[in-house]
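The next block holds one structure in the form of structure tokens; read it before the comments.
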Amino acid sequence: MKIGIFDSGKGGLTVLNEIKKLLPDYEYIYVGDSKNNPYGEKSEEELIEITTKISKFLICNNCKIIVIACNTATTRCMKTLRKKFPDTIFIGTVPAIKVACDNNYKNILLLATTATINSKRVEELVKDNKKEGQEIYLKACPNLASSIEADNKEKINSLLNEYLKDYKGKNIDCIVLGCTHYPIVKEEINNIIHCNIIDGGYGVAKEVKHQIELNNLILNKSNSKTAVYNTLTDNII
Ligand code: DGL
Numbered sequence: 375m376k377i378g379i380f381d382s383g384k385g386g387l388t389v390l391n392e393i394k395k396l397l398p399d400y401e402y403i404y405v406g407d408s409k410n411n412p413y414g415e416k417s418e419e420e421l422i423e424i425t426t427k428i429s430k431f432l433i434c435n436n437c438k439i440i441v442i443a444c445n446t447a448t449t450r451c452m453k454t455l456r457k458k459f460p461d462t463i464f465i466g467t468v469p470a471i472k473v474a475c476d477n478n479y480k481n482i483l484l485l486a487t488t489a490t491i492n493s494k495r496v497e498e499l500v501k502d503n504k505k506e507g508q509e510i511y512l513k514a515c516p517n518l519a520s521s522i523e524a525d526n527k528e529k530i531n532s533l534l535n536e537y538l539k540d541y542k543g544k545n546i547d548c549i550v551l552g553c554t555h556y557p558i559v560k561e562e563i564n565n566i567i568h569c570n571i572i573d574g575g576y577g578v579a580k581e582v583k584h585q586i587e588l589n590n591l592i593l594n595k596s597n598s599k600t601a602v603y604n605t606l607t608d609n610i611i
């Protein structure tokens, strides 16, 4: 049995790297769904149809655990996927708001896709974790994930300057990256607002380890062999 992982392109590779640091021996299958990027602009119905196809592909290829390495797909589809495929363990990615609050940062800025920012999950995370004296700013960043996917540096920098300009004077001490594409441009973000930047990758990796232990899973060990598929070039869904 293997570990499957997917995202709307290369963003989820940032999560896969964290998982491999913690669990270097296992065999992985990664699906980068660049054909359907950006997920952040799609309806829930569309996303459920797409992620169901990807899950079927991963399950047919012997994956017992599926990591949804995408905040948008996690908030929109995880509950449905768990119901559709009850024998598979789904692990999602959520913005690390809890980590930021637990570390007592004062002015926290969450950057994510529009779909994630407007989700019930983010509303709950803020409500459950925000302490007295803490401020959490939510900023949707349309087109940023797709510009990162396309590696369009000029567009990335102009979007970041536009989205961050209002927060420069707010003493932001922590930025939470609520989209798995954003760690790829962490340095560019830090050049505009210098502060601690956190993402959900390590938390996901810890959860994968926990689920393997909890379920006594015997998974293929093959020194981190990873099969990588991209839906633009591989006809898998
Ligand atoms: N990487 C994804 C996330 O974590 C989504 C980017 C997108 O396709 O909009 O939300």
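Note that my numbering has the sequence shown beginning at 375, numbered continuously upward.
C-beta atoms are modelled at their ideal positions from N, C-alpha and C, and glycine is treated no differently.
| Cα separation between Y479 and L485? | 16 Å
| query | Unbroken beta strand (DSSP E) runs of length 3 or more, entirely within the stretch 406-460: which are they? | reply | 437-442
| Inter-stretch contact (C-beta, 8 Å, three-pair minimum) for the stretch 423-441 and the stretch 380-396 | Judged by Cβ distances under 8 Å, the stretch 423-441 makes contact with the stretch 380-396, as three or more pairs qualify.
| message | Let me make sure I understand the geometry here. Which of K583, K595, Y603 has the alpha-carbon closest to that of I463? | response | Nearest C-alpha to I463 among K583, K595, Y603: K583.
| Could you check where the beta strand (DSSP E) with Y576 kicks off and where it finishes? | If you look at Y576, you'll find it isn't in any beta strand (DSSP E); it sits in the alpha helix (DSSP H) that goes 575-588.
| For T607, three-class secondary structure by DSSP | coil
| request: Round the Cβ separation of L538 and N517 to the nearest angstrom and send it over; I've been treating them as touching at under 8 Å. | output: Contact doesn't hold; Cβ gap of about 14 Å is too wide.
| What do you reckon, are the CB atoms on G414 and T467 nearer than 8 Å? | no
| field | Continuous beta strand (DSSP E) stretch holding D621: start and end | value | Residue numbering for the chain in the displayed model covers 375 to 611; residue 621 lies beyond these limits and cannot be assessed.
| task | For my contact list, I336 and I549 are in at a C-beta cut-off of 8 Å; report their separation, rounded to the angstrom. | result | Because the chain spans 375 through 611 in this model, residue 336 falls outside it and cannot be assessed.
| Under 7 Å from any heavy atom of the ligand DGL, does the C-beta of D573 make it? | Relative to the non-hydrogen atoms of the ligand DGL, the Cβ of D573 never comes closer than 7 Å to any of them.
| Rounded to whole angstroms, how far is the Cβ of L455 from the Cβ of T490, which I believe are closer than 8 Å? | 17 Å between Cβ atoms; not a contact.
| field | First and last residue of the uninterrupted alpha helix (DSSP H) at V550 | value | V550 -> not in any alpha helix (DSSP H); beta strand (DSSP E) instead, spanning 548-551.
| said: Please determine whether the Cβ atom of C553 lies at a distance below 7 Å from any heavy atom of the ligand DGL. | reply: yes
| First and last residue of the uninterrupted alpha helix (DSSP H) at A470 | First-last for A470: undefined, no H or E at that position.
| task | Figure out for me which residue from E392, D547, N391, G386 has the closest Cα to the Cα of V405. | result | G386
| field | D399 - DSSP class collapsed to helix/strand/coil | value | coil
| field | N594 vs Y400 beta-carbon contact at 8 Å | value | It is a contact, given that the beta carbons lie within the stated cut-off.
| query | CA-CA distance, P412 and A519? | reply | 7 Å
| query | Of the residues C434, N435, S429, I465, which one's Cα is nearest the Cα of T449? | reply | Ranking the options by Cα distance to T449, first place goes to I465.
| said: Please classify P557 as buried or exposed, where buried requires at least 16 other C-beta atoms within 10 Å of its C-beta. | reply: Answer is buried; the Cβ neighbour count reaches 16.
| field | Spatially closest choice to S417 from I433, T446, F431, by CA coordinates | value | Answer by Cα proximity: T446.
| field | Cβ neighbour criterion (16 or more within 10 Å) applied to L588 | value | exposed
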